[in-house]
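Single-structure report; data block below.
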Amino acid sequence: MEKENYKNPYIMGVFLGLALLFTYYISGHGLGASGAFYRIVAEITNVISPASTGEGSVYYSYLKGPEPSKSTWLIFESIGIMLGGFISGLIGGRVKWETIKGANASRGLRLTMALVGGILIGFVSKITLGCTSGQGMNGAAVLSVGSWVFLFSVFGGGFMAAYFVRKQWK
Amino acid sequence: MGPLLEYGIINPWTTVAIGLFSGLFFGVALESAGLGNAKKIAAIFYLKDFTVPKVMFTGIVTAILGVYYLDILGIMDMGRLSFSATLLWPFLIGGIIFGFGMVTAGL
Numbered sequence: 000m001e002k003e004n005y006k007n008p009y010i011m012g013v014f015l016g017l018a019l020l021f022t023y024y025i026s027g028h029g030l031g032a033s034g035a036f037y038r039i040v041a042e043i044t045n046v047i048s049p050a051s052t053g054e055g056s057v058y059y060s061y062l063k064g065p066e067p068s069k070s071t072w073l074i075f076e077s078i079g080i081m082l083g084g085f086i087s088g089l090i091g092g093r094v095k096w097e098t099i100k101g102a103n104a105s106r107g108l109r110l111t112m113a114l115v116g117g118i119l120i121g122f123v124s125k126i127t128l129g130c131t132s133g134q135g136m137n138g139a140a141v142l143s144v145g146s147w148v149f150l151f152s153v154f155g156g157g158f159m160a161a162y163f164v165r166k167q168w169k
Numbered sequence: 000m001g002p003l004l005e006y007g008i009i010n011p012w013t014t015v016a017i018g019l020f021s022g023l024f025f026g027v028a029l030e031s032a033g034l035g036n037a038k039k040i041a042a043i044f045y046l047k048d049f050t051v052p053k054v055m056f057t058g059i060v061t062a063i064l065g066v067y068y069l070d071i072l073g074i075m076d077m078g079r080l081s082f083s084a085t086l087l088w089p090f091l092i093g094g095i096i097f098g099f100g101m102v103t104a105g106l
């Protein structure tokens, strides 16, 4: 692997934990990454087909209630994540236009895999009520059994599939 | 006493602004550790790079200890924190599919 200038993962882990704790202290809700996307999907669906976003539909929880409901701050939080990542990348001199992939893998293969994986994650995050942040880390921090089951399943699933998608990283 | 929003100490619009700030911290922590790099994320599944579990579990342990002690000290009521119900089979099977997606996308 190429030379890296990343910060110590344990220190960044503590930093991450403190960010989560701070969010819990302020709002009682943890951090999330998938929620903002569902809010956007719900809003778009509401414009195209208002009939399908009523009470009892999967979209409803993202649309009900007065502004700012829970998911409004998730959008701002997600904007914060992108800004934070960009700032950190600028400071570390890592900002450049590139496709991160294995040296021998084609760009098309990598982008296809990214799309396929992204669709899988987006689809299944609805079943697991959140992603590795919103379901995994938040729940794990309050010792929710379901979140721990989810986290270990994620790693299990990753190891199972790793062999079949290895080409893009080689 | 926290959570501040739950106890009506701050208004919901303030949490939106604070959300941006927490996201900023979250993003800086992830990117600085190298988790803005798809290859580095996927590398855990080939046992080449352990950044993902290092960051993730250090973060979780920090938050667990924080929640516990802030509750004992009377600073934050852990009973008012929200988290989802446990749906065992959906989380188990869904988690495995999520793992497929994670190594495929490097996300």
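As you go down the protein sequences, you meet chains A and B in turn. Using numbering that gives the first Met the number 0, read the first sequence as starting at 0 and increasing by one per residue. Using numbering that gives the first Met the number 0, read the second sequence as starting at 0 and increasing by one per residue. Virtual Cβ for every residue (Gly too), placed ideally from N, Cα, C. No experiment lies behind these values; they were computed from the predicted model shown.
Item                                                                                                                                                                 : Value
May I ask you to list, following chain order, the residues of the segment 100-120 of chain A that have a beta carbon less than 9 Å from some beta carbon of chain B? : 100, 101, 109, 112, 113, 114, 115, 116, 117, 118, 119 and 120
If you drop the 5 nearest sequence neighbours on each side, which residues of the same chain put their C-beta closer than 7 Å to that of residue 126(B)?             : Given that chain B is displayed from residue 0 to residue 106, the structure contains no residue 126(B) and the question cannot be resolved.
How many angstroms separate the CA atom of residue 124(A) from the CA atom of residue 102(A)?                                                                        : 31 Å
Kindly list, in the order they appear in chain A, the residues whose Cβ is closer than 8 Å to that of residue 72(B).                                                 : Near residue 72(B) there are no residues of chain A at all, since even the closest Cβ is about 12 Å away, more than 8 Å.
Step through the CB atoms of chain A and report whether any lies within less than 8 Å of the CB of residue 78(B).                                                    : no
For the alpha helix (DSSP H) that contains residue 32(A), what are its first and last residues?                                                                      : Segment: none, residue 32(A) is in no alpha helix (DSSP H) and carries neither H nor E.
Along chain B, in chain order, which residues have C-beta atoms closer than 7 Å to that of residue 22(A)?                                                            : 21
Judging by CA-CA distance, which residue of 37(B), 63(B), 29(B) and 12(B) is the nearest neighbour of residue 80(B)?                                                 : 63(B)
In or out: residue 2(B) buried (at least 16 other Cβ within 10 Å) or exposed?                                                                                        : buried
Taking Cβ to Cβ, would you say residue 72(A) is nearer than 8 Å to residue 26(A)?                                                                                    : yes
Who does residue 1(B) pair with in a DSSP beta bridge?                                                                                                               : 75(B)
Looking at chain B, is there any beta carbon in it that lies within less than 8 Å of the beta carbon of residue 41(A)?                                               : no
Tell me, please, whether the CB atom of residue 1(B) is closer than 8 Å to any CB atom in chain A?                                                                   : yes
Under a CB-based cut-off of 8 Å, is residue 35(B) close to chain A?                                                                                                  : yes
Nearest chain B C-beta to residue 168(A) closer than 8 Å, yes or no?                                                                                                 : yes
Would you say residue 16(A) reaches chain B, if we count a Cβ-Cβ gap shorter than 8 Å as a contact?                                                                  : yes
Where do the N-terminal and C-terminal ends of the alpha helix (DSSP H) with residue 87(B) fall, by residue?                                                         : 87-104
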